[in-house]
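All letters in the sequence shown, in the order written, are residues 0 to 463 by numbering that gives the first Met the number 0.
For each residue, glycine too, the CB sits at the ideal point set by N, CA and C.
Following: one structure in structure tokens, then a few remarks.
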Amino acid sequence: MHHRNPVHLLPQEIQSSSSNHINNRMLSPNHQLGSTSTFCSNRSSLLGFGTFRNLSKKAFTYSCSTNKKRSACTMACHTTVKSDFLQREDDITPTHGLSETIVGVLGGGQLGRMLCQAASQMSIKVNIWDPMENCPASFISHRHMVGSYNDSTKVEEFAKSCGILTVEIEHVDADTLEKLEKQGVDCQPKASTIRIIQDKFLQKVHFSRNNIPLPKFMQINDHENANSAGQEFGYPLMIKSRRLVYDGRGNAVAKTEKELTSAINALGGFAHGLYVEQWAPFVKELAVIVARGRDNSILCYPAVETIHRENICHIVKAPANESWKILKLTTDIASRAVASLEGASVFAVELFLTEDCQILLNKVAPRPHNSGHHTIEACYTSQYEQHLRAIVGLPLGDPSMKVPAAMMYNILGEDEGEAGFVLANQIIKRALWSPGAPIHWYDKPDMRKQRKMGHINVVDIQWA
């Protein structure tokens, strides 16, 4: 049977690079798919697919030059990770009580939505707490409650109605979580982890104390501090907000000393809490999804490369095309970073690969992440199923890839309102023609520029 080539049906930035990457992966004699995990991974569907309205003309491209030797080294690293999973045969937890398990999730965005999808396959009920009445997860959750993350009393009531409390967003009230833990509520990950992660400066301090390699950083409270940092670190200089940072928001670059004041003002000034970071001359941005179980066991998914457009993740290439040495160093740093935190969860560790082949940690998210969307179709256990396994106390699932390579393409808003839906639908129509490019649409009611509206996972190994 003839297979259509999904690369040519999708946006242009993804085409040439994807085919080279997949073709080289298919040539590797050392790639072995292995066996399935205890639970089938969430082989996602096209839920909410009926109201697309419209998408973009740019096309899918995914170009990486590699060779058989490098590909073989990469797969050897991944096989090592998988063998750790296979050795844990004695760690089997009864599952007959899952249908009575209620997981409460603070946050009802697309991550919460995909957690609900994975939970439905495991007979786990998910209750959502979110400020938006029509948030993406509200349409498929077991129960949805609307309220502010800062409404301590209401959040406490919500948490006590659930067996386990977790997050899909770190910008919640850590004080409330700490209070709930003292009252016996099972919070995963722990409030201490959320407190560290939600303040990017405290996050840097924590990982520095745990000997995780980082770019040099410094807190700044006034212009004198800022000027001193510029003299010590040089320019360009990264100025960053400590809190409420996501999708590139909260970052500014001062290319020279003259731009320092304007960069600080762009972030709202010192009152909001700022720190500076030495510029990292990176050649690639990498990410590792790391799962940590209640027994402190840790499993790493294969490292991926992330490509950003206007500071927002646009494309993820899995696995990253790097040497075995680089991949091992990347996963080692990621696992050490997660081991320094508390609680069960899936964590996303973002890192820089520098010109001199150093790996530096950028930041960590204590939840499923954009860089792990591809795992839904590309891995034996999706990051969403894995998160549920971790917090419920089930054995962690096999994180290895079941296809030679995959790519995630973020569907980002390219215009406002109806015009944005029209552009988005053009991408969806291309993907519909491909047997290996499943679409995940988030059912967000409003279209805005650069808003994450959905994603496409390209996993069909027929295309080359």
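Could you tell me the distance, in whole angstroms, from the CA atom of glycine 416 to the CA atom of proline 212? Their backbone Cα atoms lie some 43 Å apart in a straight line.
Start and end residues, beta strand (DSSP E) containing arginine 142: Looking at the DSSP string, the run of the beta strand (DSSP E) that includes arginine 142 is 142-145.
What are the residues that DSSP puts in a beta bridge with glycine 267? Note: glycine 267 sits in no beta bridge, so no partner.
Using 8 Å as the cut-off, can you tell me whether the region 346-358 makes contact with the region 219-230, which would need three or more C-beta pairs spanning the two stretches below that distance? A contact between stretches requires three or more CB pairs, one per stretch, nearer than 8 Å, and the region 346-358 fails this requirement with the region 219-230.
Mind checking who phenylalanine 216 pairs with in its DSSP beta bridge? Partner residues in the beta bridge of phenylalanine 216, as assigned by DSSP, are Glu276.
Cα-Cα, which of Val252, Leu350, Asp172 is closest to glutamate 284? The residue with the shortest Cα to Cα distance from glutamate 284 is Leu350.
Look at glycine 453 and tryptophan 432 and say whether their C-beta atoms are less than 7 Å apart. Contact: no.
What span of residues does the beta strand (DSSP E) with tryptophan 128 cover, start to end? Boundaries of the beta strand (DSSP E) harbouring tryptophan 128: 124-129, taken from the DSSP string.
Distance check for glycine 292 and glycine 392, CA to CA, integer angstroms please. Using only the alpha carbons, I get a separation of about 7 Å.
On the CB-based measure, 16 or more other CB atoms within 10 Å of its CB, does glutamate 256 come out buried or exposed? Glutamate 256 should be labelled exposed.
Among the residues of its own chain, which have a CB less than 6 Å from the CB of proline 188, if the five just before and after it don't count? The residues are Gly342, Ser344, Pro365.
Kindly list the residues whose CB is nearer than 7 Å to the CB of serine 191, restricted to its own chain and excluding five residues on each side of it in sequence; keep chain order. Short of 7 Å from the beta carbon of serine 191, and not among the five residues preceding or following it, lie these beta carbons of its own chain, in chain order: Glu341.
Which term fits tyrosine 61, buried or exposed, when burial requires 16 or more other beta carbons within 10 angstroms of its beta carbon? Only weak support exists for where tyrosine 61 lies, its pLDDT of 32 falling under 50; the value from the coordinates is given anyway. Burial of tyrosine 61 is indicated by the presence of at least 16 other C-beta atoms within 10 angstroms of its C-beta.
Isoleucine 410 by DSSP, collapsed to three states: which one? Strand, per DSSP.
Quick test of your reading: alanine 347 and isoleucine 288, contact by CB under 8 Å. State the CB separation rounded to the nearest angstrom. Between isoleucine 288 and alanine 347 the Cβ distance is about 6 Å, and since that is below 8 Å, they are a contact.
Measure the alpha-carbon distance for asparagine 148 versus alanine 436 and round it to whole angstroms. First, the amino acid is wrong: residue 148 is tyrosine here, not asparagine. Going by the C-alpha atoms only, they are around 36 Å apart.
Should aspartate 331 be labelled buried (16 or more other beta-carbon atoms within 10 Å of its own) or exposed? With fewer than 16 other Cβ atoms inside 10 Å of its own Cβ, aspartate 331 counts as exposed.
Whole-angstrom C-beta distance between glutamine 385 and alanine 302, which should lie under 8 Å: Rounded to whole angstroms, the Cβ separation of alanine 302 and glutamine 385 is 16 Å, and the two are not in contact under 8 Å.
Give the secondary structure of serine 339 by DSSP, where H, G and I count as helix, E and B as strand, and everything else as coil. Secondary structure of serine 339 (DSSP, three-state): coil.
Please classify alanine 418: is it buried, with 16 or more other beta-carbons within 10 angstroms of its beta-carbon, or exposed? Counting the other Cβ atoms within 10 Å of the Cβ of alanine 418 gives fewer than 16, which makes it exposed.
Alpha-carbon spacing of lysine 153 relative to lysine 327, whole angstroms: Note on geometry: alpha-carbon atoms of lysine 153 and lysine 327 lie some 44 Å from one another.
So, helix, strand or coil for arginine 194, using DSSP? Helix.
How would you call arginine 112, buried or exposed, if buried means at least 16 neighbouring beta carbons within 10 angstroms? Answer is buried; the Cβ neighbour count reaches 16.
Can you tell me the Cα-Cα spacing of tyrosine 300 and alanine 117, whole angstroms? Using only the alpha carbons, I get a separation of about 18 Å.
Other residues of its chain near phenylalanine 269: CB distance less than 8 Å, five sequence neighbours each side excluded: Shown here for phenylalanine 269: same chain residues with a beta carbon closer than 8 Å to its own, the five before and five after excluded, namely Ile219, Asn220, Asp221, Ile263 in chain order.
Do isoleucine 123 and valine 102 count as a contact pair if the criterion is CB distance below 7 Å? Cβ distance < 7 Å, so valine 102 and isoleucine 123 count as in contact.
Going by alpha carbons, who is nearest to proline 398 out of His368, Tyr379, Arg194? Nearest of His368, Tyr379, Arg194 to proline 398, Cα basis: Tyr379.
When you compare each of Val337, Arg335, Leu266, Ala317 to lysine 401 by their alpha carbons, which one comes out closest? Ranking Val337, Arg335, Leu266, Ala317 by Cα distance to lysine 401 puts Ala317 first.
Using only CA atoms, which one of Ala333, Ile410, Met121 lies nearest to serine 381? Closest in alpha carbon position to serine 381, among Ala333, Ile410, Met121, is Met121.
In terms of DSSP beta bridges, what is histidine 307 paired with? Under DSSP, histidine 307 shares a beta bridge with Cys312.
Taking 7 Å as the threshold (C-beta atoms), are tyrosine 383 and leucine 164 in contact? Against a cut-off of 7 Å, the Cβ pair of tyrosine 383 and leucine 164 comes out as no contact.
From isoleucine 427 to histidine 373, what does the alpha carbon distance come to, in whole angstroms? If I take the Cα positions, the gap works out to 17 Å.
With DSSP run on the structure shown, which of helix, strand or coil describes glutamate 132? Reduced to three states, the DSSP call for glutamate 132 is coil.
Check the C-beta distance from lysine 215 over to glutamine 277 and give it rounded, since I have them as a contact under 8 Å. That pair is a contact at about 4 Å.
Contact check, valine 315 vs threonine 305, beta carbons under 7 Å: Using a Cβ distance threshold of 7 Å, valine 315 and threonine 305 count as a contacting pair.
Tell me asparagine 250's beta-bridge partners as DSSP assigns them. According to DSSP, asparagine 250 bridges with Lys239.
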